[in-house]
Amino acid sequence: AQEEHILGFLVKPVTEKELVPAIAIVMRRFAEFESLKKENASLQQTLQDRKVIERAKGILMRQASITEEDAFRRLQKLARDKRTKLAEIAAAVVTANEALS
């Protein structure tokens, strides 16, 4: 049962008495597995967003000769003003910089 995606097993002969609790356990494990998959995807996206934000801050720091804190504030202000996610603004800064390089 340690192989990937195996959430439970039964030994033959299977009785109804064993089957009902086994199904309940598998359903619970599946729900936990799905929850962990969603959490992992969310954490991966957060990490990607952070990387893009860091790159955008670096670009602003270099081009405007400002501190990291000021670069972050500029990104935040742009995101607020445009009512857009910070990561989307950062991605636009990175894309624009790549287009102009």
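Sequence positions in the sequence shown follow our numbering and run -11 to 89. Ideal placement from N, C-alpha and C gives every residue a C-beta, glycine not left out.
With at least 16 other beta carbons inside 10 angstroms of its own, A78 counts as buried. Cβ contact annotation for A84 (same chain, cutoff 7 Å, sequence separation greater than five): none. Taking each of Q51, L74 and R50 in turn and checking the Cα distance to R61, the smallest one comes out for L74.
When the beta-carbon positions are compared, R43 and V82 come within less than 7 Å of each other. Spatial neighbours of K25 in its own chain (CB-CB distance under 7 Å, excluding positions within 5 residues in sequence) are not present.
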